[in-house]
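Encoded as structure tokens, the structure appears first; notes follow it.
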Amino acid sequence: MAIRIPTRATLSAAGPKPARGAGFTLAEVAVTIALVGLALVWMLQAINAAKLTAAYTRNWRLARELALLTLGQIEAGMFPDEVADARFEGNYADEGYPEMSFEVVVGEENFRPSEGDPAFDNWRYEQERKERLRDDEEPEAEQPYEKVRIKITFPKVQELGNELEIERWLPWKQIHPEEEAKGGSP
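Numbering of the sequence shown is given in the working numbering, commencing with residue 299 and proceeding in unit increments.
Pasting the structure below:
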């Protein structure tokens, strides 16, 4: 019996035999797919958080610009009757932003409590009211400036805030031009 020794030609026709362990195991493929999946979920969460932050920043910036617009209008004397009442509200529908509203208080008035506030501090409110009454009994000194505060409420973006408050001291003569014309003091 003759022993046949394979030649090079017969080896190349049959193809090379794969070496043991030359491929990926099922465990390696499963771990790779899990890591890629976790990375994708993390990236989607990061993109969503960036979108929410961008929306909040846009609303906050727009609220600041609208607040400065309203303060400029008050300073220019465009709301004489409303300023005389020391508190007024409105929205920015005329400017194209009906979802944004404002509340303006003049002097020592306070803003109304927000709907989202859990409680109203009655004791502090009563103390401030007593101080205002006590101050009203004393003769008032002429003040050259009046405090004007504005609170802008804009659409809420998830758990992020939706209010912006700005305070400015404006010359008394600009806010109350009719009283200055009469020669009255504050």
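Ideal placement from N, C-alpha and C gives every residue a C-beta, glycine not left out.
Residue i, enclosing beta strand (DSSP E) - first and last residue
i, result
"proline 406", "With the sequence shown as reference, residue 406 is identified as glutamate, and proline is not the correct amino acid for it. No beta strand (DSSP E) contains glutamate 406, which DSSP labels as neither H nor E."
"glycine 388", "385-390"
Residues near residue i in its chain [Cβ-Cβ closer than 8 Å; skip 5 each side]
i, result
"arginine 430", "Glu406"
"alanine 384", "Val403, Val404, Gly405 and Glu407"
"leucine 462", "Trp358, Ala361, Arg362, Ala365, Lys449, Ile450 and Phe452"
"glutamate 393", "Leu364 and Leu367"
"glutamate 326", "none"
"proline 396", "Asn389 and Tyr390"
Residue span of the alpha helix (DSSP H) that contains residue i, given as start and end
i, result
"glutamate 380", "378-382"
"glycine 325", "The sequence shown places alanine at residue 325, not glycine. Unbroken alpha helix (DSSP H) run through alanine 325: 324-373."
Cβ distance (whole Å) where residue i is taken to contact residue j below 8 Å
i, j, result
"phenylalanine 400", "threonine 368", "6 Å"
"leucine 458", "isoleucine 372", "The Cβ separation is near 28 Å, so there is no contact."
"isoleucine 490", "alanine 365", "Here the chain has residues from 299 to 484 only, and residue 490 is not among them."
"arginine 427", "valine 446", "Their Cβ separation, rounded to whole angstroms, is 21 Å, which puts arginine 427 and valine 446 out of contact at 8 Å."
Beta-carbon contacts of residue i that lie in its chain and below 7 Å, excluding the five residues immediately before and after
i, result
"glutamine 456", "Leu350"
"threonine 330", "none"
"proline 353", "In the sequence as displayed, the identity of residue 353 is alanine instead of proline. Excluding sequence neighbours, alanine 353 sits near Val455."
"arginine 302", "none"
Same chain, Cβ closer than 6 Å to residue i, neighbours up to 5 away in sequence not counted
i, result
"phenylalanine 386", "Glu380 and Val402"
"tyrosine 390", "Leu364 and Met398"
"methionine 376", "none"
Min CB distance residue i to chain B below 8 Å
i, result
"alanine 328", "The structure shown has no chain B; it contains just one protein chain."
Pick out the complete beta strand (DSSP E) segments inside the segment 441-474, 3 residues or longer, and give them in chain order.
-> Counting whole runs of 3 or more residues, the segment 441-474 contains the beta strand (DSSP E) stretches 443-451 and 461-469.
contact_flag[the segment 357-376, the segment 443-458] where n(CB pairs < 8 Å) is 3 or more = They touch, by the three-pair rule.
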